[in-house]
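In terms of the numbering used here, the sequence shown opens at residue 120 and continues consecutively.
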Amino acid sequence: MAEVCFGVVTETDSSSTCESSSRAVRRRRMELRKIKVIAGVTQPGTENGIKRPKLKLISGSVSRICHNAVESSSTDDDEEQLRLVETKGSPPTIILTPFLGPSNSTLLVQSVAYPKFGFASVCGRRRDMEDAVAIHPSFCQMEQGNSGELHYFAVYDGHGCSHVATKCKERLHELVKEELENKEGDHEEWEHSMNRSFNRMDKEVIEWNNSVTGATCRCELHTPECDAVGSTAVVAVVTPDKIIVANCGDSRAILCRNGKAIPLSNDQKPDRPDELNRIQEAGGRVIYWDGPRVSGVLAMSRAIGDNYLKPYVICEPEVTVTDRTAEDDCLILASDGLWDVVSNDTACGVAGMCLKRNASPASMPGNGADGEMNSDQCCSDASMLLTKLALARRSYDNVSVVVVDLKHYT
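Structure representation (structure tokens):
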């Protein structure tokens with residue numbers, strides 16, 4: 120009886136009974152090990168009729184060090200989603216996330232093409248960096264009409280100090296977006312919206328300058344009201360069927376179409392005949408002092424800011440609307456640090472040479488911040504090569520270049 124109660128194996132038990140007991144013990148050990156692995160992890164509840172959702176397993180260390188974060192997912196009901204994340208200063212972590220969808224579900228990814236781009240911005244031989252670049256893919260979608268996603272690219276070339284260019288970088292795309300909402304998007308609407316955006320930006324800059332109470336940068340040490348500070352602005356809004364360029368100053372935008380350069384903006388210089396007449400009719404003068412300058416000071420006839428030179432220097436942009444074609448290669452925006460030493464045709468040839476290596480599909484949308492944008496390597500190489508070419512040709516200004524690939528964006 121004792122033998123039965125305590126499960127003692129007697130000599131009369133067969134060897135098969137011992138083997139069966141050993142297998143049961145091993146199975147029990149394996150089950151205990153599984154429980155130990157997932158200890159401390161909350162069991163997710165069932166969802167969408169799934170009885171056995173996948174578990175979330177977190178491992179604190181991985182022997183292989185990865186330099187980039189990698190994400191992959193699967194819609195198979197028997198596979199976990201894997202995300203390999205690297206934290207700076209610590210080993211990467213593997214996170215297995217449960218997939219709770221039904222077994223016959225599919226992952227739907229919106230297939231939307233976005234233009235590839237790259238940019239370079241260097242101080243060059245100047246003491247201070249006064250240029251700024253703004254890139255905002257998919258920054259707006261017009262509700263009326265069928266214009267699709269709008270993408271914003273801009274170069275701002277400051278003078279006197281950098282804070283006006285910085286203000287434009289932070290704010291102008293938001294003003295453009297506000298003006299474009301609920302608009303139909305014809306030529307007159309584009310011109311009206313851009314004019315209002317630039318005028319609002321100019322007023323905000325002047326109001327900000329007047330509200331400064333203490334010297335926060337070097338320009339305010341000399342002119343407390345910052346009236347001698349301004350910036351150019353060349354803005355390009357790219358849609359699936361049009362390229363809208365608004366230019367204020369001597370920065371420039373060109374379109375490379377079938378290997379040839381097409382100017383999308385006209386430099387606003389004080390000695391341009393129509394600009395010279397406008398300045399003189401407003402009571403101003405153009406004095407040649409190291410080139411033509413408004414009142415002998417400013418080397419451009421239009422700019423945002425420069426309150427002390429109004430009404431001779433205005434902020435009204437010149438707007439062009441260009442229909443896109445299948446022969447469009449790329450769009451180049453740059454400050455005069457490039458255009459002073461590199462011709463339109465040369466810039467188009469250099470960019471086209473770099474982009475010929477590019478045969479990959481268009482990139483997905485980004486957030487628009489400098490470090491978060493979906494920059495393409497070929498476009499980045501083109502912008503950097505143009506920057507190096509300008510420096511090699513002894514450009515003494517800041518150099519900022521944006522290259523947008525139009526061939527692989529439809």
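Just so you know, even glycine gets a beta-carbon here, dropped at the ideal spot from N, CA and C.
- Contact holds between the region 492 to 509 and the region 236 to 245, because three or more Cβ pairs, one in each stretch, are under 8 Å apart.
- Taking C-beta separations shorter than 6 Å and ignoring five residues to either side along the sequence, the partners of Q260 in its chain run E268, following chain order.
- Between the beta-carbon of V357 and that of L291 there is about 16 Å, and that puts the pair past the 8 Å contact cut.
- Closest in C-alpha terms to V432, from the list N517, N377, V469 and E400, comes E400.
- The C-beta separation of Y233 from S350 comes to about 27 Å, leaving the pair out of contact by the 8 Å criterion.
- Restricting attention to V348, A253 and N366, the CA atom closest to the CA of V523 is found in A253.
- Between the region 381 to 397 and the region 356 to 373 there are three or more inter-stretch CB-CB distances shorter than 8 Å, so the stretches are counted as touching.
- Under the three-state reduction of DSSP output, D393 falls in the helix class.
- When DSSP assignments are scanned along the region 378 to 444, the uninterrupted stretches of beta strand (DSSP E) that are 3 or more residues long and fall wholly within it turn out to be 379 to 382, 405 to 407, 411 to 413 and 437 to 442.
- Residue state for G349 is assigned as strand, using DSSP reduced to three classes.
- Using a Cβ distance threshold of 8 Å, N377 and E446 count as a contacting pair.
- Assignment of beta-bridge partners to Q260 by DSSP yields E268.
- Take D390, set aside five residues on each side of it, and the residues of its chain with a beta-carbon closer than 6 Å to its own are P411, in chain order.
- In this structure, the alpha-carbon of L450 lies about 18 Å from that of D459.
- For V364, the enclosing beta strand (DSSP E) begins and ends at K361 to C367.
- About 14 Å separates the Cβ atoms of R421 and S414, ruling out a contact at the 8 Å cut-off.
- For K235, the secondary structure class from DSSP, reduced to helix, strand or coil, is strand.
- Check the Cα spacing between E300 and each of S316, K526, T285 and K286: the tightest is with S316.
- Counted as a single uninterrupted DSSP element, the alpha helix (DSSP H) harbouring V324 occupies residues H306 to S330.
- A Cβ-Cβ contact shorter than 8 Å links S519 with D250.
- Sixteen is the threshold: when 16 or more other Cβ atoms of the shown chains lie within 10 Å of the Cβ of S312, as they do, the residue is buried.
- DSSP places L505 within a helical segment (H, G or I) once states are collapsed to three.
- As computed with DSSP, A453 is found in a beta bridge with R371 and V520.
- Closest in alpha carbon position to E437, among V416, A372 and D425, is A372.
- In the three-state scheme derived from DSSP, where H, G and I count as helix and E and B as strand, V469 is classed as helix.
- Beta-carbon to beta-carbon, G368 and M419 are separated by about 5 Å, close enough to satisfy the 8 Å threshold.
- Residue R319 holds the alpha-carbon nearest to the alpha-carbon of G424 among R319, M248, K302 and K235.
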